[in-house]
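Enquirer: The structure that follows is given in the form of structure tokens.
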Amino acid sequence: MSELVALPQYRSFDDLPNHVRVQVVRWGEPNPAEWVLQAIPALDHRSIVEVMNLPDGETKVLEFFRDLRGMLT
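Residues 681 to 753 in the working numbering are what the sequence shown lists, from first letter to last.
Here it is as structure tokens:
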């Protein structure tokens, strides 16, 4: 029987992994700390912090940033 592993609980910009914070600063609005708490339509109207707390959230957030990069290149 396998043990359940608790997911990290992200609540703010400072809680996010460094590689995600770097992307937020690159793409974020004037205030990245506020932006990570705002609902984003491309993330099913969830905030970056909310999505990061999902089981596959980091993958979804990184895909969101890749999509942003693709739209601007």
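C-beta atoms are modelled at their ideal positions from N, C-alpha and C, and glycine is treated no differently.
Comparing alpha-carbon positions, which option in 702, 728, 707 and 721 lies nearest residue 690?
Expert: The shortest C-alpha separation from residue 690 is found at 728.
Enquirer: Where residue 709 and residue 688 are concerned, what is the direct C-alpha to C-alpha distance, given to the nearest angstrom?
Expert: When rounded, the distance between both Cα atoms is 25 Å.
Enquirer: In this structure, how does DSSP classify residue 726 when only helix, strand and coil are distinguished?
Expert: DSSP places residue 726 in strand when its eight states are reduced to three.
Enquirer: For my contact list, residue 723 and residue 731 are in at a C-beta cut-off of 8 Å; report their separation, rounded to the angstrom.
Expert: Their Cβ separation, rounded to whole angstroms, is 5 Å, which keeps residue 723 and residue 731 in contact under 8 Å.
Enquirer: Tell whether a beta-carbon distance below 7 Å holds between residue 697 and residue 705.
Expert: No; because the gap between Cβ atoms is not below 7 Å, this pair is not in contact.
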